[in-house]
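Only one structure is covered here, and it is reproduced in the block below.
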Amino acid sequence: MSLSSAFASELTWPDYDAAVQNGQTPILIPIGSMEQHGHHMPLHVDVLLPAEFARRVAVEIGALVAPPFTYGYKSHQKSGGGNHLPGTTSLDGATLVSALKDVVKEFARHGVRKICLVNGHFENSWFIVEGIDLALRELRWDGVTDVKVVVLSYWDFVHKEAIEKLYPAGFQGWDVEHGGVLETSLMLALYPHLVQLERAVDHPAATFPPYDVYPVKPEWTPSSGTLSSPKEASVEKGHILLDVCTEGIVNALRAEFG
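Structure (structure tokens):
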């Protein structure tokens with residue numbers, strides 16, 4: 001059956017039902033956040049990027065993309081600048097876990113047996129795992145034991161060779177890449193009209209002590225909200241990232257889903 005769209009929400013219910021009821025069509029669920037990304041990018045970067053990776057992968061493997069989770073877990077100071085910054089709008093962990101559990105169970109009820117969570121917000125990671133664990137447990141109680149869920153974050157597919165091209169002066173780690181070269185390059189390649197690179201703040205990568213303090217100390221976060229400089233971002237680097245991450249995710253899901 002040829003589908004009119006890779007997005008599940010754009011299908012009629014009969015077409016959706018026909019696509020998923022036999023359990024062979026994977027569902028990809030992008031999960032992001034509403035979080036500040038510096039002076040040069042919008043608040044929904046963490047939604048736009050995993051949603052586009054999910055779309056590209058879905059076209060390659062014959063999957064469908066679910067509507068994304070547009071709110072995520074609270075921004076951590078050392079990876080997203082902190083939940084105290086304006087614009088960042090977050091969920092309590094229990095809320096995210098509960099919503100994710102319900103959505104996974106609902107897709108299973110439809111007949112879906114292959115699900116992938118495509119994460120675009122670092123802080124979501126363990127709450128995704130908890131939501132899936134609870135969903136699978138409750139599905140087992142109902143006798144459903146054949147659901148398989150893959151969890152991935154797109155940046156984990158950036159291999160060493162790509163890193164050397166992206167960061168010729170040296171890579172300082174994903175933990176300070178918030179609003180930096182990776183996300184800015186991808187946005188330049190995909191949504192250049194949403195990037196105001198002339199407003200980007202050039203500063204050294206943030207450094208933090210080896211512990212956390214709560215309430216957070218706002219002075220630990222660079223005033224820009226980004227944790228490293230996006231000045232070396234480019235469209236060309238964005239296309240390298242698109243190719244590397246899409247290929248990596250496609251290969252991973254073909255290996256896991258067949």
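So for the sequence shown, the numbering used here puts the first residue at 1; every next one is plus one.
C-beta atoms are modelled at their ideal positions from N, C-alpha and C, and glycine is treated no differently.
Per DSSP, N119 is one residue of the beta strand (DSSP E) stretching across K114 to N119. Here the C-alpha atom of A63 lies approximately 38 Å from the C-alpha atom of A169. Between V118 and P50, the gap from beta carbon to beta carbon is short of 8 Å.
According to DSSP, residue pairing for Y73 in a beta bridge involves L91.
For V59, the enclosing alpha helix (DSSP H) starts and ends at V45 to I61.
Between the segment 84 to 94 and the segment 231 to 242, the count of C-beta pairs closer than 8 Å stays below three; the two stretches do not touch.
With contacts defined by Cβ atoms closer than 8 Å, V144 and A108 form a contacting pair. In the three-state scheme derived from DSSP, where H, G and I count as helix and E and B as strand, M41 is classed as coil.
The alpha-carbon of Q36 is positioned some 5 Å away from that of T88. Secondary structure of S5 (DSSP, three-state): coil. For a cut-off of 8 Å, the C-beta gap from V104 to V129 is around 12 Å, too long to register as a contact. Listed in chain order, the alpha helix (DSSP H) elements of length 4 or more contained wholly in the segment 118 to 187 are 125 to 141 and 160 to 166.
With fewer than three CB-CB distances shorter than 8 Å, the segment 9 to 25 does not count as touching the segment 120 to 134.
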